[in-house]
Ligand SMILES: [Zn+2]
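In the working numbering, the protein residues as written are 32 to 82.
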């Protein structure tokens, strides 16, 4: 748990997380990607989760 917190802090994601996934197939997509690498759909959903 301590290690996980350290990783989050390094990544700057201690209190928010950007989840990007394809609406078509549900795959996780890179936030910089404009289309899904799996099915090539451009229907990308972004969820900015604040904790
Ligand atoms: Zn897809």
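Positions of the beta carbon are idealized from the N, C-alpha and C atoms, including for glycine.
Quick caveat: nothing in here was measured; it's all calculated off a predicted structure.
Using 7 Å as the cut-off, classify the Cβ of residue i as near or not near the heavy atoms of ligand 1, replying yes or no.
i, result
"residue 55", "yes"
"residue 69", "yes"
Could you check whether residue j and residue i sit closer than 8 Å to each other, using their CB atoms as the reference points?
i, j, result
"residue 53", "residue 75", "yes"
Run through DSSP, which three-state label would residue i get?
i, result
"residue 52", "strand"
Measuring CA to CA, which of the options is closest to residue i?
i, options, result
"residue 77", "63, 68, 71, 69", "63"
"residue 73", "48, 46, 59, 49", "59"
"residue 67", "36, 34, 46, 51", "51"
"residue 79", "71, 65, 70, 49", "49"
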